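2 protein chains.
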Amino acid sequence: MGGPTVHDVAELAQVSLATVDRVLNNRGSVSAKTVAKVKAAVAQTGYVRNLAAANLSRRRVYRFCFVIPSGETGFIALLLNAIEAQRKALMEEQILIQIIQTRAFDVAGQVAALRKLDCDAVAVMASEAPEIQEEFSRLRSAGIHVVTLVSDLPHSAREGYIGIDNVAAGRTAGDFMGRFLHGSGTVLMIAGALSARDHSERLMGFRLVLQERYGNVTLLPAVEGSDDAATVEKLVLEAAAAQPVAGIYAIGAGNRGLARAIKTISPKPVAIVHELTPTSRSGLREGLFDLVLDQDTATATAKAIKTMRDLTEGRERTTDIGPIRLNLYSRENI
Amino acid sequence: MGGPTVHDVAELAQVSLATVDRVLNNRGSVSAKTVAKVKAAVAQTGYVRNLAAANLSRRRVYRFCFVIPSGETGFIALLLNAIEAQRKALMEEQILIQIIQTRAFDVAGQVAALRKLDCDAVAVMASEAPEIQEEFSRLRSAGIHVVTLVSDLPHSAREGYIGIDNVAAGRTAGDFMGRFLHGSGTVLMIAGALSARDHSERLMGFRLVLQERYGNVTLLPAVEGSDDAATVEKLVLEAAAAQPVAGIYAIGAGNRGLARAIKTISPKPVAIVHELTPTSRSGLREGLFDLVLDQDTATATAKAIKTMRDLTEGRERTTDIGPIRLNLYSRENI
DNA sequence: ATAATTTTGATTGACGTACCTCAATTTGGT
DNA sequence: ACCAAATTGAGGTACGTCAATCAAAATTAT
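Protein sequence lines, in the order shown, are assigned to chains A and B.
Every letter in the first sequence is one number past the one before it in the working numbering, and letter 92, counting from 1, is 128.
Every letter in the second sequence is one number past the one before it in the working numbering, and letter 208, counting from 1, is 244.
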């Protein structure tokens with residue numbers, strides 16, 4: 037009923053089981069001629085290793101970690117949910133997931149968390165700091181694989197990045213902003229923190245496209261909302277008081293404040309925000325927000341886990357560890 | 037090293053291995069009191085079945101089929117690629133995938149293909165015809181699970197639909213069309229076949245939104261391009277000759293013809309098309325197309341396989357078998 | 001030809017679960 | 001207290017691979 041097994045390969049190749057095993061798991065001590073015979077038999081029978089049996093036999097248990105900032109932004113909550121949702125199924129496959137939360141922007145805390153790690157691989161959503169890059173190097177030399185999540189540290193020892201291409205995200209936002217404004221008006225950009233790499237990259241992409249293709253749009257200097265609803269609300273109201281604001285690009289969290297502010301502004305500015313959370317979803321539905329750029333947390337966590345698994349199994353280019361998909365949501369496709 | 041096993045559960049519950057097995061696989065013949073004891077022990081130890089061992093033991097081999105129309109549209113090619121790309125990894129997990137191609141729009145051929153099926157579950161991209169619905173019922177009663185792919189047959193015996201919500205897709209297209217046109221102009225809609233459910237649903241959603249919110253947009257009667265590039269090109273050129281066309285919504289395949297036609301029309305109409313193929317991708321890049329609505333084939337096939345697996349394993353609401361994500365692409369996020 | 005070395009064979013015991021049989025024990029009814 | 005029925009225990013085999021051992025055979029060097 038099942039496919040061909042090592043026995044079939046051994047029989048066809050006219051060698052013993054032990055030799056087949058030696059070839060398949062390249063343990064050496066096999067002559068070139070025999071290796072060829074076995075490989076031919078593998079090809080001819082179409083033998084494919086039974087992963088279940090292999091994992092069972094070598095009693096493999098994968099231990100993966102997520103290091104993620106705490107904080108009550110909707111996005112973090114979505115991310116945690118996405119991980120939790122997979123936990124049960126993952127346990128059946130002998131994959132143990134541990135989630136470590138650290139205070140946001142607390143570099144020392146993040147370093148401490150990384151230092152304590154005991155696992156096969158880790159996915160980190162980290163700030164950009166030299167201490168953290170050093171810690172990555174230490175983890176790598178300790179045999180722990182490292183991937184970055186959502187926000188990348190490109191020049192670190194990390195082996196992969198799972199998240200969107202933030203420059204492209206900014207460019208996309210800029211393009212839609214230009215079109216929705218019919219090419220003119222004043223636009224306000226609100227980041228969480230300009231020092232955060234993902235935010236600054238989005239800003240850059242946004243600016244670039246508007247300059248290239250929508251020259252009549254005026255860009256106000258970018259402001260920092262600290263991912264905080266009250267701060268965002270205040271900043272938006274101040275800007276709208278100082279001059280008419282036709283468009284708003286909100287890069288970080290704090291969309292609840294943005295929604296409150298927009299309700300008071302007339303005519304309603306075009307608003308483009310990030311991450312499909314309950315807040316942004318209802319903002320879309322009520323017509324307060326015009327477009328939401330989202331990195332799907334379920335996809336991201338699934339891909340992070342798959343990447344960590346590939347890395348620990350020593351597979352190289354099996355999975356493309358490139359950026360994940362950027363999803364766009366209008367009021368019609370939430 | 038590994039987690040708790042059935043042995044640990046048996047020990048803690050003070051029952052034999054056989055009894056634990058009877059409870060876990062509910063084979064009956066166990067008193068309520070004992071069931072409770074075992075379940076408590078499972079909870080206390082945190083026992084989770086080792087899927088690898090379970091599948092190995094019951095020498096499970098999943099046999100899944102895809103029934104898909106042949107034809108050289110880019111979308112079908114993407115779909116096939118997505119399936120092929122997964123085949124190797126799936127084989128390691130004892131999942132055999134068979135792809136059966138039938139001539140497009142050939143109901144009799146599709147029925148014949150379905151009748152010959154010998155597998156655990158099938159994902160079908162089928163036309164809407166009573167013969168096919170009947171065939172679904174037969175498959176179900178033969179113990180073969182059925183899901184529809186890309187195009188749904190809602191009132192059939194199918195147990196799930198993997199694809200986008202086509203009405204929502206049409207609404208999304210309509211909303212962006214309205215915005216890009218600044219609320220006025222004449223719009224041409226080209227479907228592959230008006231009888232195809234996915235196409236007619238998209239049309240409906242598209243029309244609805246424009247009527248509701250962009251009343252000044254004029255809709256030409258929908259035409260059928262038969263998913264053929266030459267036909268589409270001819271239809272577009274004819275329409276553009278008859279009156280100025282400000283926007284085009286292309287619902288089916290044949291985008292190569294659309295691109296050729298658009299190059300000759302001035303001013304360039306806004307073009308919204310479906311499926312991110314090499315053709316639509318370069319159309320975006322060259323500025324010929326303004327928006328591409330895409331159902332990610334990789335996600336769709338992965339979800340189809342997961343759904344078939346869940347159904348075969350008797351799991352009920354494990355995976356949400358709802359619509360997959362609708363992805364939007366502008367020139368900036370391809 | 002002999003010794004040293006490399007290559008191959010034969011065999012065995014895990015891994016954790018599923019599934020089966022047969023005997024032993026407990027339970028319930030009267 | 002007795003019988004029938006329901007429940008539980010004990011034990012085994014199988015799944016396909018990994019990992020190891022030890023002996024046998026083939027090859028190479030001296």
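We treat Cβ as the ideally placed atom computed from N, Cα and C, and that holds for glycine.
Bear in mind the structure is a predicted one, so any value in this text is a computation, not a measurement.
For this session: Give a yes or no on whether 8 Å exceeds the smallest Cβ distance from B:T208 to chain A.
Result: yes
Exercise. In chain B, what lies closer than 9 Å to A:D211 by C-beta?
Worked result: S366, R367, E368, N369
Problem set entry | Classification of A:S192 by the beta-carbon crowding that lies within 10 angstroms, buried from 16 upward | buried
For this session: Within the same chain, show all residues whose beta-carbon is closer than 6 Å to that of B:V186, passing over the 5 residues directly before and after it, in chain order.
Result: M161, G199
Problem set entry | Continuous alpha helix (DSSP H) assignments of at least 4 residues falling wholly in the segment 282-342 of chain B | 291-299, 314-321
Exercise. Near B:S300, what residues of its chain come up, given a Cβ to Cβ distance below 6 Å and the 5 sequence neighbours on each side ignored?
Worked result: The sequence as given places Thr at residue 300 of chain B; Ser does not occur at that position. Cβ neighbours of B:T300 beyond the five flanking positions: none.
For this session: Consult DSSP for B:R351 and reduce its assignment to one of helix, strand or coil.
Result: coil
Exercise. Taking the alpha carbon of A:R345 as the point to measure from, which residue in A:V158, A:K73, A:Y285, A:S67 has its own alpha carbon closest?
Worked result: A:V158
For this session: State yes or no: is the C-beta of B:R139 within less than 8 Å of the C-beta of B:S106?
Result: yes
Problem set entry | A:Q370 to A:P280 span [Cα, whole Å] | Strictly speaking, residue 370 of chain A in this sequence is Ile, with Gln absent from that position. Roughly 29 Å separates the two Cα atoms.
Exercise. Considering only residues of the same chain and omitting the five flanking positions on each side of A:L230, which have a CB-CB separation below 8 Å?
Worked result: S236, L239, A258, E260
For this session: Check each residue of the segment 119-131 of chain B: if its Cβ is closer than 7 Å to any Cβ of chain A, include it; give the result in chain order.
Result: M127, E128, E129, Q130
Exercise. Using a C-beta to C-beta distance shorter than 7 Å, which residues of chain B count as neighbours of A:N373?
Worked result: There is no way to answer for residue 373 of chain A, as the model of chain A reaches only from 37 to 370.
For this session: Take B:R367 as the anchor and find which of B:D326, B:A338, B:D332 has the nearest alpha-carbon.
Result: B:D326
Problem set entry | Assigned secondary structure, A:E171 (DSSP; H/G/I helix, E/B strand, else coil) | helix
For this session: Given a cut-off of 8 Å, decide if B:V59 and B:V71 are closer than it, judged by their beta-carbon atoms.
Result: yes
Exercise. B:T135 lies in the beta strand (DSSP E); which residues open and close that run?
Worked result: The question names Thr, but residue 135 of chain B in the sequence shown is Ile. 131-138 is the extent of the beta strand (DSSP E) around B:I135.
Problem set entry | Opening and closing residue of the alpha helix (DSSP H) in which A:T267 lies | 265-278
Exercise. Chain B partners of A:A218, CB-CB under 9 Å?
Worked result: Ala is not the amino acid found at residue 218 of chain A; the sequence shown has His there. Within 9 Å Cβ-Cβ: H218.
For this session: Could you name the residues of the same chain whose beta carbon sits closer than 8 Å to that of A:L53, not counting the 5 residues immediately before and after it, in chain order?
Result: V42, H43, A46
For this session: Please say whether B:P305 and B:I284 have beta carbons closer to each other than 8 Å?
Result: yes
Exercise. For B:V253 versus B:L217, is the C-beta spacing smaller than 8 Å?
Worked result: yes
For this session: Compare the C-beta of A:R345 against all C-beta atoms of chain B and say whether one is closer than 8 Å.
Result: no
For this session: Could you list which residues in chain A have their beta carbon closer than 7 Å to that of B:R99, in chain order?
Result: The contacting residues do not exist; B:R99 stays about 10 Å from chain A at best.
For this session: For B:R215, return the contacting residues in chain A, with the cut-off set at a CB-CB distance below 8 Å.
Result: R215, F216
For this session: Would you kindly check if the distance between the Cβ of A:A77 and the Cβ of A:L48 is under 8 Å?
Result: yes
Exercise. Going by beta carbon distance, what residues of the same chain come within less than 8 Å of B:G228, once the five residues before and after it are set aside?
Worked result: H235, E260, G261, S262, D263, I287, G288, A289, G290
Problem set entry | Rounded straight-line distance, which links the Cα of A:E349 to that of A:V183 | 15 Å
Exercise. For B:R63, which three-state DSSP category applies?
Worked result: coil
Problem set entry | Stretch pair the segment 122-142 of chain B + the segment 79-94 of chain A: three plus CB contacts closer than 8 Å | yes
For this session: Taking 8 Å as the cut-off, decide whether the C-beta atoms of A:L256 and A:A275 are in contact.
Result: yes
For this session: Give, in chain order, every residue of the segment 181-209 of chain B whose Cβ lies closer than 9 Å to some Cβ of chain A.
Result: I200, D201, A204, A205, G206, R207, T208, A209
Exercise. Under 8 Å between the Cβ atoms of A:D201 and A:V245?
Worked result: no
Problem set entry | Anticipated Cβ contact below 8 Å, B:T315 with B:L115, distance rounded | The pair is not a contact, with the Cβ atoms about 15 Å apart (cut-off 8 Å).
Exercise. When the Cα atoms are used, what is the spatial distance from A:A209 to A:R243?
Worked result: 10 Å
For this session: Kindly indicate which residue of A:G110, A:L273, A:T343, A:N61 has the alpha-carbon position closest to the one of A:S318.
Result: A:G110
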